[in-house]
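Participant: Those sequence lines, one after another, are chains A and B. Just so we're aligned, residue 1 is where the first sequence starts under our numbering, counting upward by one. Just so we're aligned, residue 1001 is where the second sequence starts under our numbering, counting upward by one. Cβ coordinates follow ideal geometry from the N, Cα and C atoms, glycine included. I'd like to ask some things about the structure below.
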Amino acid sequence: MELFLQLLVSGILVGSIYALVALGWTLIYKSSSVLNLAMGELTLVGAYVCLTLYNWGIPFPVAVLGSLVMGAILGLLVERLVLRPLIGEPVLTVIMVTVGLSFLLRGLVGLIWGTDTVVFNPAVFPAESIRIGPVIITPVYLGGFVASLILLAFFVWFFQGTRWGLAMQATADDQMAALSLGVSARLVYAIAWAIAFMAAGVGGIFLGSINGLNISVGHLGLLVLPAVVLGGLNSVPGAIAGGLIIGVLQNLTGGYLDRFIPGGIKDIFPLAFMAVFLIFKPYGLWGWVKIERV
Amino acid sequence: MFRLPAGTYFQSYRQAHRFWPTRFMTFRMIVLLVVLFAVVPFTFSNYALSIANRIGYTILAAMGVQLLIGFTGQLTLGHAAFVAVGAYTSAIFTLTAADYASSSPFWGFLTDTGMAYPLSILLACLLAGLWSVLFGLPSARIKGFGIILTTMAAQFITVDFVIAQYVSQIGGRGHYFSIPPGTLKIGRWVLTGDRDAYFLMLILVTGVTAAMINWKRTRLGRAWIAIRDNDIAAEILGVDIVRYKQLAYFAAGMLAGLAGSFWITSLFFVSPEHFVWSNSLWWVGVILIGGVGAIDGTIFGSIFLELMLVLVNSFSVANILFLYFKDIAFGLAVIIFLLYEPNGLSYRWWQIKNYFYLWPFSYK
């Protein structure tokens, strides 16, 4: 029981980071129907920018802010240069352009920062863990959880309360109607990409500060794909729930199944689970059922 | 459709569906085959032949992707998994045959007659095909992004988990399966160097290309293309889409198995690192650059990307940087092609051909 609680709590803590990245993904999909496979590399870019700033001696919150600004700029650039000409193209084209983007970003990251694992120096979070009842929590996870909650709350407020957020909701709902009411779809796409880059960057910073940062953190960023599919692609609460579920699931399999089937089942189980889950619920938990006509 | 040289008209469907419809085309293809089979292997250096083998391997692997994406419209991002299944099946079978050749009459017979490797190719095709069908089963209910996720799951489950953790342990050979020279032979023909691999590659690529062209003009291929163009309409017209989708997965898996069993001849060892996810993406990039749905596009795309690699390799001095330049070059190539040449190289080739067919009396 103690093991279960421990795994559950750390699963939720990691899952909140996935939820944040998944939210960014869903935003892009909702507003422009772009299925983005470059999410892993987006997390890498944000994390490396923040780490470099921090290791130059800039305080951690400012470094995070710097990486957010950098993420927003990159997001706007990517949207303008690569994605905008391809809006409305077939799924394969749009997916492969994000794949091309991911190769490009990964190559650039490798070229600039190399392959060696780098750590935040001096460490941002204290190493000794906090004990709450039977559960032991590492400060890194807690930091990631808090930051994710803050950002999630901020983004939810952004959608509900601001003019731009409402414009995004309108575009996601019905693009034609939104355009005829004077909402600029281009602005919406740009904001969606900027937010996705920012969210992924923050996710990457915390994923990278758990075990040090290297290219393989990008692989963790890929775990948002099962999360968004679980939630149903175009549902914001679904993305958050999906991220949490994937985090918990990953930790539970790591704790219970790894003994019987050793060799990293933790990393592949979310994907395997997704493949089976999709057979039973093709549109995820809260996704819109698409009615197709000839 | 392609345009014909001035003065050539088809008078029956049979004529229009011929393999090489005009005499000039027959002549051109025969010259090409003669050059590839008889001139290239004896005039080119070993290095050039090894590049040709890599191109051939890419063609073989990408043909399966072309079949799934270009013909049937089933997006796949996990093709490397099935190539890996083929490579490992073939490697394990031939190695087992070599190990037990002296102790067991069955394996001894296989080794002595040189049947082990050809048999292993068949087995590899079969196993890879079945493995591919296993992951293609969800396509009965889902499509689009869900299928992409399923194939990604296939990639990570097969290569990063099953093969890297379990299959690699078979026989206690350690992480790499190295294949001793002389193990791979077809009858009395021992595959040792690049030239032998080149001939095998050429036979396989020619066969696979012919098979693809033939598939496209049979009932099977028409059903696949109907599913790609509009699956609901195809179903209404009586195409059993579940069955034909599974057939497409099986055929693509078989091509992957073929590619995998060819792979072991060119490097003489296999490792899970040869079949990582970026390979799957790379092959999708090949068909995008070549042209989705175009069989010659697969070949053009493979040649383009492999030659690009050679070019990148000659520019990057330090070996470690090569990996990053390779990624950057591939990413840029895919993005630029999608933005500025979305129909791929085969479309460009088609335009060039048409220009010359109509030259000098071209009309608009």
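Measuring only between beta-carbons, confirm whether B:Arg1018 sits less than 9 angstroms from chain E.
Facilitator: In the structure shown, chain E cannot be found, because the protein chains are A and B.
Participant: Going by DSSP in three states, A:Val64 sits in which element: helix, strand or coil?
Facilitator: Of the three classes helix, strand and coil, the one that applies to A:Val64 here is helix, per DSSP.
Participant: Which class does B:Lys1185 belong to by DSSP, given the choice of helix, strand or coil?
Facilitator: Reduced to three states, the DSSP call for B:Lys1185 is strand.
Participant: Return the chain-ordered list of same chain residues with a C-beta closer than 7 angstroms to the C-beta of A:Asn121, the five sequence neighbours on each side being excluded.
Facilitator: Correct list, in chain order: Asn55.
Participant: Tell me whether the beta-carbon of A:Ala167 lies closer than 9 angstroms to the beta-carbon of A:Val188.
Facilitator: Yes, Cβ-Cβ distance for A:Ala167 and A:Val188 is below 9 angstroms.
Participant: What residue range does the alpha helix (DSSP H) around A:Arg131 cover?
Facilitator: First-last for A:Arg131: 130-132, but that is the beta strand (DSSP E), not the alpha helix (DSSP H).
Participant: Can you pull the DSSP bridge partners for A:Ile137?
Facilitator: DSSP lists A:Ile130 as partners of A:Ile137.
Participant: Starting from the Cα of B:Ser1178, find the closest Cα among B:Leu1077, B:Thr1094, B:Asn1343, B:Tyr1009 and give me that residue.
Facilitator: Answer by Cα proximity: B:Thr1094.
Participant: How is B:Ser1178 classed by DSSP in three states: helix, strand or coil?
Facilitator: Three-state DSSP puts B:Ser1178 in a strand.
Participant: Cβ of A:Thr171 less than 9 angstroms from any chain B Cβ?
Facilitator: Cβ-Cβ to chain B under 9 angstroms: no for A:Thr171.
Participant: Under 9 angstroms between C-beta atoms, does B:Asp1240 make it to chain A?
Facilitator: Closer than 9 angstroms: no.
Participant: Can you check DSSP and say which residues form a bridge with B:Phe1269?
Facilitator: In the DSSP output, where bridge partners are listed per residue, B:Phe1269 has B:Ser1178.
Participant: Rounded C-beta distance between A:Gly24 and A:Gly46? I'm assuming under 8 angstroms.
Facilitator: So it is not a contact: roughly 10 angstroms between Cβ atoms.
Participant: Could you list which residues in chain B have their beta carbon closer than 7 angstroms to that of A:Arg106, in chain order?
Facilitator: Correct list: Asp1327.
Participant: Three-state secondary structure (DSSP) at A:Leu213?
Facilitator: Looking at A:Leu213 - three-state DSSP - the assignment turns out to be strand.
Participant: In chain order, what residues of the same chain lie with their CB nearer than 6 angstroms to the CB of A:Glu79, ignoring the 5 residues before and after it?
Facilitator: Counting only Cβ-Cβ distances below 6 angstroms, and skipping sequence neighbours, we find Tyr189, Ala190, Trp193.
Participant: Tell me, to the nearest whole angstrom, how far the beta carbon of B:Arg1228 is from that of B:Phe1071; I am working on the premise that it is less than 8 angstroms.
Facilitator: About 6 angstroms; that satisfies the 8 angstroms criterion.
Participant: Measure the CB-CB distance between B:Ser1346 and B:Gly1291 and report whether it falls below 9 angstroms.
Facilitator: Against a cut-off of 9 angstroms, the Cβ pair of B:Gly1291 and B:Ser1346 comes out as a contact.
Participant: For a test of your reading of the model: does the CB of A:Trp164 fall under 8 angstroms from any non-hydrogen atom of the ligand FMN? Yes or no.
Facilitator: Within the structure as shown, the ligand FMN is missing, as the structure has no ligands at all.
Participant: A:Asn251 and A:Gly11 look like a contact to me (Cβ under 8 angstroms); what is the Cβ gap, rounded to whole Å?
Facilitator: Correct: roughly 4 angstroms between the Cβ atoms.
Participant: Tell me which residues share the same chain as B:Asp1196 and place their Cβ nearer than 8 angstroms to its Cβ, disregarding the 5 neighbours each side in the sequence.
Facilitator: Within the same chain, B:Asp1196 has close Cβ partners Trp1189, Val1190, Thr1265.
Participant: Once the 5 residues before and after B:Leu1110 are set aside, which same chain residues still bring their CB inside 7 angstroms of it?
Facilitator: Answer for B:Leu1110: Ala1097, Ala1116, Leu1119, listed in chain order.
Participant: Flag this pair as touching only if the region 1232-1245 of chain B and the region 1131-1143 of chain B have three or more C-beta atom pairs under 8 angstroms; answer yes or no.
Facilitator: The region 1232-1245 of chain B is in contact with the region 1131-1143 of chain B.
Participant: Please classify B:His1017 as buried or exposed, where buried requires at least 16 other C-beta atoms within 10 Å of its C-beta.
Facilitator: Classification of B:His1017: exposed, given that the 10 Å Cβ count is below 16.
Participant: Under a three-way DSSP split, which group does A:Val118 fall into?
Facilitator: A:Val118: strand per DSSP, three-state reduction.
Participant: Check B:Met1001 in the structure and name its three-state DSSP category.
Facilitator: Unreliable positioning characterises B:Met1001 in this predicted model, as indicated by a pLDDT of 46, which lies under 50. The coordinate reading is nonetheless provided below. Correct three-state label for B:Met1001: coil.
Participant: State yes or no: is the beta carbon of B:Gln1165 nearer than 9 angstroms to at least one beta carbon in chain A?
Facilitator: Judged by the 9 angstroms Cβ criterion, B:Gln1165 is in contact with chain A.
Participant: If contact means a Cβ-Cβ distance below 8 angstroms, which residues of the region 1042-1074 of chain B contact chain A?
Facilitator: Listed in sequence order: Ile1069.
Participant: Here's the rule I'm using: 16 or more other beta-carbon atoms within 10 Å means buried, otherwise exposed. How should A:Tyr18 be labelled?
Facilitator: Buried is the call here.
Participant: Does any residue of chain A bring its CB to less than 9 angstroms from the CB of B:Thr1298?
Facilitator: It does not: the Cβ of B:Thr1298 has no partner Cβ on chain A nearer than 9 angstroms.
Participant: With a threshold of 9 angstroms between beta-carbons, can B:Met1001 be considered close to chain A, or not?
Facilitator: Because the pLDDT of B:Met1001 is 46, which lies under 50, any placement of that residue in the model is unreliable, and the number read from its coordinates should be weighed accordingly. No, B:Met1001 lies away from the interface with chain A (no Cβ there is under 9 angstroms from its Cβ).
Participant: Please report the residue range of the alpha helix (DSSP H) in which B:Ile1216 lies.
Facilitator: Here residue 1216 of chain B turns out to be Lys, not Ile, going by the sequence shown. Run containing B:Lys1216: 1194-1216, per the alpha helix (DSSP H) assignment.
Participant: With DSSP as the reference, please indicate the residues paired to B:Val1190 in a beta bridge.
Facilitator: Bridge partners of B:Val1190: B:Lys1185.
Participant: Under 8 angstroms: do the region 199-206 of chain A and the region 173-182 of chain A share three or more Cβ pairs, one atom per stretch?
Facilitator: Because the criterion of three Cβ pairs below 8 angstroms is not met, the region 199-206 of chain A and the region 173-182 of chain A do not touch.
Participant: If you draw a straight line from the alpha carbon of A:Leu111 to that of B:Tyr1324, how long is it in whole angstroms?
Facilitator: Looking at the two C-alpha atoms, the distance is approximately 6 angstroms.
Participant: Check whether the region 1156-1163 of chain B and the region 255-271 of chain A touch, using three or more Cβ-Cβ pairs below 8 angstroms as the test.
Facilitator: Segments in contact, yes.
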